[in-house]
Each structure stands twice: as structure tokens, then as C-alpha cells.
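Residue numbers (this note's numbering), protein chains in the order written: chain A, 48 to 802; chain B, 23 to 84.
In this text, a Cβ means the ideal position worked out from N, Cα and C, and glycines have one as well.
Everything below concerns the one structure shown next.
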Amino acid sequence: MHSRCDLSCDHCYVYQHADQTWRGRPVRMPLATVRAVAQRIAEHAREHELPVVHVVLHGGEPLLLGAAGLREVLAELRAAITPWTRLDLRMQTNGVLLDEELCRLFVEYDVRVGVSLDGDRAANDRHRVFAHGGSSHDHVRRALALLRRPEHRASYAGILCTIDVRNDPDRVYEALLAESPPRVDLLLPHATWDHPPERPGPEPTPYADWLGRIHRRWVDDGRPMSIRMFEALRPGGGGTEAFGLAPADVLVVEADGSWEQVDSLKTAYHGAAGTGFDVFDHSVDEATRHPGVAVRQDGVAGLCATCRACPVVDRCGGGLYAHRWRTGSGFDNPSVYCADLLRLIDTVDAYPPPTPPASGELSTISPVDELLDDLATGHGSASTLALLAATQLSITRALLAACRDGSGTTPAWELLVHLDQAAPEAIRAVLAHPFVRPGLVHRLHSSAPPGVGAAVDPLPALAIAAALRAGVPAALHVPVRADTITFPALGSLVLPGLGESAEVTVRPGEFQVRGGSVEQTVLLDPVAQPSTGWFPTRDVSVPGGRLLLEDGDPYRDCYGQPVEPRLDGPAARALGRTLAEAWRVVHRDVPAHAAALDGGLRAVVPLAADPARPLRSATARHAFGAVAVTPHSDPETMAVLLVHEWQHAKLGAVLDLYDLVESGQAAQIRVPWRPDPRPPEGVLQGVYAHLAITQVWQSRAATDQGDASANAAHFLAWTRDGADALLASRSLTAAGERFVGQLRHALEETRAGAG
Amino acid sequence: MDNAPTRPSRPGLDDLTHSLDIPLERIAVEHADLVEAIRRRVVEGGPVPSGTVPVALFNSAI
């Protein structure tokens with residue numbers, strides 16, 4: 048945005064390294080160029096239907112544009128790009144000029160700001176000084192204090208810290224931690240094989256040693272802030288520009304409108320980042336066809352022979368592209384930091400050391416394997432179920448945060464944030480309702496592409512539901528759909544004439560609704576006759592607690608088959624009795640599975656009756672904690688349906704966390720329970736459900752109930768054949784193979800137990 | 023360019039459990055990678071299809 052800077056840092060790759068192209072560029076990016084950039088990004092997002100675009104405003108120093116100049120830039124970017132995709136706007140600054148007006152601007156335009164700070168005063172001022180040599184430390188700390196204020200906190204992205212191994216790592220760590228950053232980025236100083244990094248002492252890997260010291264402090268402190276380098280280097284930690292094998296997805300636009308490759312290349316040689324393309328005449332696609340960008344799409348195949356043969360290549364990804372440069376061989380080298388990266392990965396892996404099990408025998412099992420092994424028994428322990436439920440709740444909270452990202456701060460969001468602090472149990476109870484996630488996903492899905500009507504904002508109803516649970520007075524405008532407002536897990540209010548939005552006021556023991564031509568007070572006395580138009584969600588007592596009969600929430604319609612409208616009183620009571628009795632049957636037959644039900648099943652959705660298929664059940668990936676069934680009066684049959692569906696729910700929660708099936712698998716597998724070949728994930732689900740059903744029938748066979756033995760043998764054969772077909776298909780990941788292998792083992796034990 | 027967000031792979035178990043202790047208003051900032059990973063994996067599909075699982079239909083044969 049601005050190609051000059053108000054600091055004169057001697058480690059800056061823009062001004063102090065090999066590339067000097069900044070000298071021939073305009074001081075600031077003209078607004079016409081900004082407009083052209085925005086149009087190019089929007090064009091690319093539209094053509095490729097990108098769900099998100101990340102734009103980072105850089106310099107030089109972008110704050111030199113001033114508040115008015117930045118407002119023009121931000122307005123151009125938002126106006127051009129947000130109709131087509133989600134725009135994640137960020138800025139990297141030295142912070143010297145940051146003031147309250149700029150902070151307000153960044154909050155207004157939802158810009159997340161990273162500030163450069165190299166640690167304590169001595170560390171920072173080793174490089175980050177003004178041209179006259181004066182310290183920038185106080186200026187930067189004042190900027191960070193501004194960003195920490197509650198009203199600006201949402202725009203505080205974190206701190207960028209360039210390493211100098213002459214600095215004291217403990218003091219640097221403490222100085223960074225004192226600024227309460229959401230995230231810290233520790234950067235290796237840019238260097239190449241032509242210009243290797245400073246190594247002031249005799250140690251061969253001073254950078255790994257220095258970082259290792261900070262890593263130990265960070266782990267010992269309970270990881271009080273995110274440090275991206277350490278998180279990225281963990282197995283499966285995700286890629287960054289500096290690590291990992293993910294394709295390069297960064298282009299830079301210089302102040303004159305030139306498309307350039309990633310700007311760290313400026314450290315390699317003069318003009319290294321150039322492409323010869325610009326935003327006026329060339330699209331993003333044309334720029335990405337530049338050989339320098341294209342070669343970085345190849346993952347491990349694009350690395351040198353040394354890296355390709357390295358056992359940790361998937362962790363470091365060959366390091367930062369620029370750090371591989373050597374005159375003569377170009378970028379076909381390991382990173383000049385290769386030895387440090389190798390040692391650092393060892394350090395990250397080795398600390399903290401694995402906790403030995405109580406038996407005293409060293410365990411080598413990872414948390415992933417532990418969870419999968421436990422579930423592969425067929426049921427899973429109470430602690431595993433609690434962990435799965437917690438991860439599902441966490442996913443829902445993240446989706447809620449993503450919704451806020453899309454719509455900004457609203458009164459509903461503010462109420463949710465308030466209740467999260469004041470009444471966390473109420474928030475937890477509402478967000479754990481199985482049909483909150485489908486509502487949030489629907490909202491996020493429909494808000495992405497342009498031209499499609501946005502889904503109803505689910506946040507006001509969630510906030511009011513939490514306020515009602517907590518008994519906290521509140522008032523919000525809540526969207527109305529088909530004369531109905533649904534408060535998750537509490538009930539639905541159906542009042543013709545409510546209009547499109549109604550004001551809902553929560554008072555102790557009641558709430559009032561005003562919308563359209565309607566004004567109504569609803570009493571929340573559970574023993575009194577419900578107020579007119581109010582249909583509370585009914586529940587039934589089961590050994591696991593209270594089980595909701597969910598026949599009102601609009602997002603329960605996520606099973607790919609019609610759901611029953613609200614049941615009348617007798618039908619609801621009949622279904623409730625069947626479910627309660629079925630739950631007891633599960634406890635009788637398979638107590639381990641019953642404990643798993645107790646640990647997570649919270650709602651049952653009645654499916655619409657279909658005379659052609661009277662006995663059906665279903666599970667939805669987005670609705671953990673619920674299953675759908677056709678109302679049925681036989682508790683023995685219902686028990687089988689509950690166990691079966693709960694297997695799918697558990698496995699679905701696992702699949703949110705881990706890939707058990709290789710992605711992109713087109714393989715179809717023949718299974719004994721259907722005539723048509725099935726995709727691997729379907730087979731995996733079938734096998735896992737049938738393992739549990741085998742266990743149910745084997746238990747029943749022990750008490751000699753009719754054809755239980757035949758059913759047990761039948762499901763045993765299905766499960767065994769399905770598992771074997773899966774293992775033979777080579778469509779599973781390593782984790783998937785382990786899971787199915789363990790499951791197969793559990794099946795053998797089941798068979799032996801039955802014998 | 024290191025201010026760009028991490029390219030997310032999948033939601034990590036540690037991050038998911040840790041984020042439960044973070045106030046709602048700070049999740050998007052302090053767990054930006056997690057939110058992005060969930061958005062891609064859960065909302066936008068990624069390696070996992072969104073919507074209902076195929077077993078919903080499979081179950082009709084029980």
C-alpha cells in the first residue's frame with residue numbers, strides 16, 4: 048500500500064536485502080490501482096467461487112496512508128470483493144502511527160492487525176529503530192495497548208517477532224507474553240545460502256536452540272498464547288508460507304500494480320519476486336501461471352532431492368522458499384536453516400515427553416489412536432463420549448464465531464457474549480442442542496454465494512433461548528419464519544400475523560413478543576397449560592437424563608427424508624414411553640452401549656410415517672446428539688434402532704476430527720447388506736453400526752429369545768465381511784486401517800464370547 | 023507475508039478442547055485457524071461432504 052517506512056530496521060528484507068525495486072515504485076498505491084486490484088480479486092473469487100479471500104495490507108508501512116487514505120482503500124476492497132466471497136482483511140504494521148481513530152477504523156472494517164515487535168526493549172531496538180537511531184519500543188507498546196482495549200480487541204491479530212539469537216529468549220518470550228497477543232509469529236531472519244544467517248557462537252543449530260528454549264517455556268506455561276511456528280511444525284499442524292507442503296497461495300501486488308511472487312523472495316536477488324504481470328492487464332490466473340508460482344504447487348515433488356528423501360519433509364516442507372536460494376542451483380536446495388529446522392522438529396516432538404501410563408510401562412500410543420481404539424471396541428468409554436461431545440460443542444462455538452465474522456457485531460452477538468460470561472451453563476446447554484449446528488451451517492452456507500437469499504439469522508433466537516434458560520432479562524428483535532419463532536431446545540411460538548421480525552423481551556418466568564399485529568406474553572411455567580401459540584419442546588425421562596422429543600425445530604429437517612410435524616399429545620406420550628422403555632432395554636442387553644447413549648443422546652426426531660417403509664431411522668452428520676426414527680411401539684425394536692443410530696453419530700463425530708477414508712476415493716465396495724456397491728465411508732458406517740447390533744443380538748441370544756442367535760450370526764457375518772472388504776479396498780487412511788483392524792479384533796472377541 | 027492465516031488442515035483435538043475455555047468473543051481471534059479449519063471442513067465440504075451422511079438412506083434397509 049505504501050512503499051516507504053517510518054522506521055529504518057536493518058533486517059528489513061524490503062529495503063536492506065538484495066532486491067531494490069522499491070526505489071522505482073510510487074510512494075503510495077494510487078486509488079485507481081487499489082480499484083484495479085479489488086476488481087481482479089473479485090473477478091477471481093467469482094470465477095472460482097472461492098469461499099474466502101485473505102488480503103493483507105503491507106508496506107513499507109501501510110499506516111503512512113493515514114486514516115482517510117486507508118478508509119478509501121478499505122471501502123474499495125469491501126465494496127468490490129464482499130459481494131462475491133468472504134473477505135478476510137488483515138494488516139501488518141510497525142504500529143508507530145497507530146492511534147484511536149485508526150483502531151476504530153479497523154474495527155469498523157473488520158481488519159485484523161498484526162504488529163511487529165522483536166521482544167523486550169533491548170531485543171526490539173537491536174534492529175527496529177528510526178532513521179536517527181532512536182528506539183521504537185515505546186511507540187510499539189503504546190500501539191499494542193490500544194489494540195488490547197476491549198473495544199479494539201477484535202482487531203488485534205497478534206505480534207510478528209523476528210528472531211535474533213543474540214537476544215535472550217526468555218526475556219523475548221516474557222515481553223511478548225506481556226502484550227497478551229492472540230498469536231505470535233516467530234520469524235527466522237531472512238537468509239540464503241549466498242548470505243547465510245548469523246551464527247555467532249560455535250553451536251551448529253543456534254536458531255533451533257533459541258527457539259527450543261521458548262518452546263519449553265511456552266509448553267510449561269500451558270501454551271498461554273498461540274505461537275504459529277510451533278503449532279505449524281506439529282504433525283498435521285497445517286501449513287504456512289514458511290512450513291508444510293501446501294501449495295503456495297500468495298501473490299503480492301506492489302504499489303505500482305505489479306503482480307509479484309511472495310515478497311520474502313526479495314532477499315534472494317534483485318527482481319526475484321517479479322512476474323512481469325500487473326493488475327491492469329493480467330488476471331490472477333495469468334499471474335499464477337508464472338513458473339515461480341507454478342513450481343510451488345507441486346508439494347514434495349517440487350523440492351530438492353535432499354528434501355524429498357527427508358523423513359520430516361511433511362513437517363517443514365523444505366522451509367521458506369526464499370531460504371533455499373543459492374546462486375547456480377537456484378531454489379533447488381534445502382533451506383539454509385535445514386539443520387535448525389530438523390533439530391527444532393525433534394525438540395517440538397520431544398517436549399513435553401509422553402506421560403507414562405500408571406502401569407509403569409512406557410506407552411507409545413497417540414491420543415488419536417487411543418480414541419479410535421476405544422471406539423473400535425464397539426461402544427467407547429464415558430470419557431471418550433465426553434470428549435466427542437466436547438469437540439462437537441467446540442465446533443458449534445467456532446461456527447457461531449464464524450457467523451459473527453460474517454455479520455459483524457449485532458445485539459444478539461453481544462447478548463451471547465454477555466451470557467457466555469454471566470451464565471456459561473445456559474450458553475452451553477443451548478449450543479449443545481443438536482440442531483443449532485445445522486442452523487449455523489445453513490446460515491454460513493447461504494451467506495457465501497452472492498445473489499442467494501441469506502438464511503434467517505439464527506443468533507437472536509439462540510441468545511434469547513440462553514437468556515430464558517439463565518433467567519436473565521433481555522430484549523432482542525428475532526426473525527420470524529412462517530409465523531414461527533423457535534427457541535432451540537425450549538419450544539416454538541406460532542402466532543399468525545407476527546410479521547418478519549418480532550421484539551422478544553425476557554422477564555423472570557415469562558417472555559413477551561411483539562411483532563406485526565401481535566402482542567403476546569408467554570408464561571414458562573412447566574406445570575401450567577402452555578400460553579396460546581406456545582409449543583414447548585417435550586421431553587421424557589430416560590436413564591441418561593432428559594431426552595427431547597424434537598418435533599418443532601425447523602433445522603431438524605436434515606435427514607434426507609421427511610420429518611413428522613408436531614405430534615399430538617397422545618402420540619408424543621406414546622413415543623416417549625417407547626423410547627424410555629427402549630433405553631432400559633439397551634441397558635439390559637448391552638450396558639456398555641447404554642452408557643454411550645447416556646453420554647450423548649439428547650434428542651429424538653420423529654420421521655414422517657410411510658406405509659411402504661414403516662421402520663426407518665437416520666442420523667445426520669451435523670446433528671450430533673440426535674437420531675431420527677419413525678414412531679414405533681415396540682421397545683425391543685426401538686432399542687436396536689437407537690444403538691444402531693448412535694454408532695453413526697459417534698463415528699460422524701470422529702470423522703469431523705480425523706480422516707479415516709482416503710479423500711477422493713472413487714472406489715465402490717460390495718457389501719453383503721445391499722445389492723449395490725457402496726462408497727468406503729458408507730461401508731465404514733455400516734460396519735460400525737453392525738458391530739453394535741451383533742453385540743445386541745448376541746446378548747439377547749444368551750437368554751434364548753427366539754431367533755436372536757440367527758440374527759447374531761447374520762450381523763456377525765455382515766460385519767466381518769464388511770470389515771474385510773474395507774481392509775482389502777486400500778481406501779482407508781493409516782488411522783482408518785488401525786480403526787477397522789481394531790474393530791475386526793473386537794469382532795473376534797465378540798464371537799469368542801458368544802461361543 | 024507471514025501475517026496470512028495458517029492454511030488449515032483439520033480441527034485439532036487440542037485446539038478444540040482448549041477453545042472451550044476461551045470466551046466466545048475471543049474465539050475468532052485467538053483460534054482463527056480453528057475457525058477457518060471448521061469452516062472449510064464442516065461448512066464448505068472439504069474432504070467431508072456436508073449435509074446428511076449417506077447412511078441416512080442406507081439405514082432404511084435395517
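Using only the alpha-carbon positions, how far apart do residue i and residue j sit?
i       : j       : result
R528(A) : P573(A) : 25 Å
H384(A) : L56(B)  : First, the amino acid is wrong: residue 384(A) is Tyr here, not His. So the alpha carbons of these two residues sit roughly 28 Å apart.
A437(A) : W257(A) : 36 Å
A255(A) : F277(A) : 11 Å
S454(A) : V99(A)  : 15 Å
E155(A) : E461(A) : 16 Å
R631(A) : G699(A) : 25 Å
D345(A) : L292(A) : 8 Å
R484(A) : T239(A) : 48 Å
A521(A) : P722(A) : 56 Å
E547(A) : S441(A) : 31 Å
V219(A) : L54(A)  : 20 Å
P247(A) : T431(A) : 49 Å
E123(A) : P77(A)  : 12 Å
F786(A) : T533(A) : 40 Å
S680(A) : A201(A) : 53 Å
H807(A) : V587(A) : In this structure chain A extends from 48 to 802, so residue 807(A) is not present and cannot be described.
Strictly below 8 Å CB to CB, what residues from chain B border residue i?
i       : result
F772(A) : Checking the sequence, you will find Ala at residue 772(A) rather than Phe. Simply none; closest approach about 15 Å.
Y203(A) : V51
P678(A) : Near P678(A) there are no residues of chain B at all, since even the closest Cβ is about 16 Å away, more than 8 Å.
A449(A) : A50, V57, I60, R61, V65
D452(A) : A50, V57
D703(A) : P33, R63, V64, V70
Would you please verify whether the beta carbon of residue i is less than 7 Å from any beta carbon of chain B?
i       : result
L491(A) : yes
P229(A) : yes
V730(A) : no
V18(A)  : There is no way to answer for residue 18(A), as the model of chain A reaches only from 48 to 802.
S441(A) : yes
T438(A) : yes
A225(A) : no
A445(A) : yes
P98(A)  : yes
G802(A) : Unreliable placement is indicated for G802(A), whose pLDDT of 39 sits below 50; no coordinate value is reported for it.
L409(A) : Low confidence applies to L409(A): its pLDDT is 45, below 50, so where it sits in the model is not reliable enough to give any reading.
Hey, would you say residue i sits closer than 7 Å to residue j, going by beta carbons?
i       : j       : result
A473(A) : A513(A) : yes
A739(A) : Q694(A) : yes
L779(A) : V708(A) : yes
F324(A) : A315(A) : no
R87(A)  : V331(A) : yes
E52(B)  : I44(B)  : yes
R791(A) : A770(A) : yes
S20(A)  : G366(A) : With chain A represented from 48 up to 802, any question about residue 20(A) goes unanswered, as that position is not in the structure.
L121(A) : I128(A) : no
L235(A) : G161(A) : no
A302(A) : R72(A)  : yes
L144(A) : L110(A) : yes
I511(A) : V551(A) : yes
In the DSSP assignment, find the beta strand (DSSP E) that holds residue i and state where it starts and stops.
i       : result
Q63(A)  : Per DSSP, Q63(A) belongs to no beta strand (DSSP E) and is neither H nor E.
H101(A) : 99–104
E557(A) : 557–562
T209(A) : 203–209
F277(A) : Counting along the chain, F277(A) falls outside any beta strand (DSSP E), though it belongs to the alpha helix (DSSP H) covering 275–280.
S550(A) : Checking the displayed sequence, the identity of residue 550(A) turns out to be Glu instead of Ser. Segment 548–554, the beta strand (DSSP E) holding E550(A).
W581(A) : 581–583
S382(A) : Run containing S382(A): none; DSSP gives neither H nor E here.
S746(A) : Where S746(A) is concerned, there is no enclosing beta strand (DSSP E), although the alpha helix (DSSP H) it sits in stretches over 727–749.
Starting from residue i, find everything on chain B with Cβ-Cβ shorter than 7 Å and list it in chain order.
i       : result
W467(A) : Checking the sequence shown, residue 467(A) turns out to be Asp, not Trp. Those are P45, L46, listed as they occur along chain B.
P414(A) : L35
S273(A) : E52
What first and last residue would you give for the alpha helix (DSSP H) that runs through residue i?
i       : result
F762(A) : 755–776
L124(A) : 113–128
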